[in-house]
Every structure is written in structure tokens, then in C-alpha cells.
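Visitor: Right, I'll just put the structure down here and ask away after.
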Amino acid sequence: MTDEPTSTARHVLVVDDDELLREVAKASLELVGGWRVTTAVSGDEASRFAVLDSPDAILLDVMMPGLDGPSTVTELRGNDLTRSIPIIFLTAKSPSEDALDWRRLGLAGVIAKPFDPMTLAAEMSALLGW
Amino acid sequence: MRAPDESVDPSSDEHTELDGVVRSIGDHARTVNLTRAAGLSAALDRAAVGQLPDVARGTAAELAHQLVGSAGTFGFSGVSDLASELEHFFTAGDFEPERVAAARLQMRDMLAQLSADPDF
Chain L
542 MTDEPTSTAR HVLVVDDDEL LREVAKASLE LVGGWRVTTA VSGDEASRFA
592 VLDSPDAILL DVMMPGLDGP STVTELRGND LTRSIPIIFL TAKSPSEDAL
642 DWRRLGLAGV IAKPFDPMTL AAEMSALLGW
Chain Y
14 MRAPDESVDP SSDEHTELDG VVRSIGDHAR TVNLTRAAGL SAALDRAAVG
64 QLPDVARGTA AELAHQLVGS AGTFGFSGVS DLASELEHFF TAGDFEPERV
114 AAARLQMRDM LAQLSADPDF
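Keeping their order, the protein sequence lines are chains L and Y. Quick note: the first sequence uses the working numbering, first residue 542, plus one each step. Quick note: the second sequence uses the working numbering, first residue 14, plus one each step.
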């Protein structure tokens, strides 16, 4: 049985406008990663939550209504409180489509959708060096 | 992060529990994805008769994109592949009869796969 996340567990903010993908990513990172996970439904909400809750990393959908992934990164990078938070894109877009622009964002990495809930934590861990 | 040997053990308690969660959420996701597929099918019908305005075409491309990300995560990898083809179809907006016919076949395959069991 998985240990309950403790106050010292890593904290990941999962951002996706698809409720069911948020749920499964949260369950995956909590159960397999043992991390504390909070969620946001949009880039705007993520920017606010990141300031309030200082996550250790952000798993960020790219195509969302309102602030999309790249715009959200730009906003986070423009705030002293959030500029150094590692960010991983979670996207169904082919990275090659936007590789040049994404490289400029200083991402910790990109994980493709669809993702495997069983290995999501391991993929993030490898990208973040956790 | 748990120890590496635990993280790749599909029989661990954590993975067994997660598998149950994924299947449970996946039941709901299939319903949502069937609704998305129905929306795509309707858009395809309109495209076939030249009555799909750009706004609706964009919405159809978004629906297909959502299917790409969701279906494969919940055990319908073939649906994700087909949805990706349909996303390109609607994004390109080239509704020549032979392309529409090919899209209809992809649509039919997608609906059939979503009605079958997931592949995990």
C-alpha cells in the first residue's frame, strides 16, 4: 500500500483542462510517485496556484482555452516567486511542431499524450532528476 | 519517488491500486470520448456537404485533439492514432471527396474501437 503523502513529499501541480486526465495524472503521481499533487484547470489558475503554493514542479498541458501552455510558462517566468519552478509540458502535439519555440522556454522536458499512468511518475522523475 | 525497482513493478500494490483507478476513470472517459467522437462525426457530415464553417472546423480539430490525449491514456491507443489523423484532416480543411471518404472510414473504425474493450 502506498504511503500517504507527507508534508515533506514533493509537490507537483498538474494543469490540464481535461478533468479526467487531471484525475488520472493525480492518482498516478500520488500512488506511484508518492508525491503531493494539486491540480489546476487552466493556465490562469495555475499561475495563481503556483504563487500561493510554490510547487516543486509543474506538469502543464499545452493546448488549453485562455492561457495556453507556452503563455503560462511566460507568465510564470515573469514572476520572481515562480520563475525557477521546473515545468514539464504534457502534450498531444508533436514536439517537432514547436520544438524551436519550446526550447526558448527553458522547459525541464516534454511528455507526450497519450501517457501511460503506470510510468508517468518515472518519466517525470527522470526529467527532474528526482 | 519510490525506489526504481518498485516503480517498474507492475504487480506492486501501488500499480494494482492505480490500475483500478485508471479503469474506473476510464469508464467515464469512454463515455466522454464517445460524445467527442459523435461531435466529430457530425462535423464530418457537414464537411462532406460543404457546410462546415471555419469556427466549427476549429472546434472539430479541438475535439479530435482531446481524443488523441484522452483515448490512448485510457487504453484506446488505436483511437488516439485515428483521432490524430482526423485532427490533421480538420486542421487542413481540405474536404475533397476522397479525403472525406477516407475520414469516414477512420471515423467508423474509431467508433468501433471505442465500443470494444480497452487494450490494457
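Virtual Cβ for every residue (Gly too), placed ideally from N, Cα, C. Just so we're clear, the structure is a prediction, and the values are computed from it rather than from any experiment.
To be precise: take each residue of the stretch 641-661 of chain L, compare its Cβ to all Cβ atoms of chain Y, and keep it if any distance is under 7 Å. Which residues remain?
Guide: K654, P655, F656, P658 and M659
Visitor: Are any of the Cβ atoms in chain L nearer than 8 Å to that of T104 of chain Y?
Guide: no
Visitor: For E571 of chain L, does the count of other Cβ atoms within 10 angstroms reach 16, so buried, or fall short, so exposed?
Guide: buried
Visitor: Does V68 of chain Y have its Cβ less than 8 Å from a Cβ in chain L?
Guide: no
Visitor: Looking at the C-beta of D122 of chain Y, does it have a partner C-beta in chain L at a distance below 8 Å?
Guide: no
Visitor: Below 8 Å on the Cβ atoms is my guess for E560 of chain L versus S588 of chain L; work out the distance and round it to an integer in Å.
Guide: Actually they do not touch by this definition, with Cβ atoms about 19 Å apart.
Visitor: Grouping DSSP H, G and I as helix and E and B as strand, with all else coil, what is D602 of chain L?
Guide: strand
Visitor: Based on Cα-Cα distance, which residue from Y:V34, Y:L99, Y:G33 and Y:R70 lies nearest to D122 of chain Y?
Guide: Y:L99
Visitor: Would you list, in chain order, the members of the stretch 59-92 of chain Y that have their beta-carbon closer than 8 Å to a beta-carbon of chain L?
Guide: E75, H78, Q79, V81, G82, S83, A84, G85, T86, F87 and S90
Visitor: With DSSP run on the structure shown, which of helix, strand or coil describes I38 of chain Y?
Guide: Under the three-state reduction of DSSP, I38 of chain Y is assigned to helix.
Visitor: Compare the Cα-Cα distances from R59 of chain Y to each of Y:A129, Y:V113, Y:A96 and Y:Q119 and report the closest residue.
Guide: Comparing Cα positions, the closest option is Y:V113.
Visitor: List the residues of chain L whose Cβ lies closer than 8 Å to the Cβ of L31 of chain Y, in chain order.
Guide: Against chain L, the beta carbon of L31 of chain Y has neighbours under 8 Å at A568, S569, L572, V573, P658 and M659, listed in chain order.
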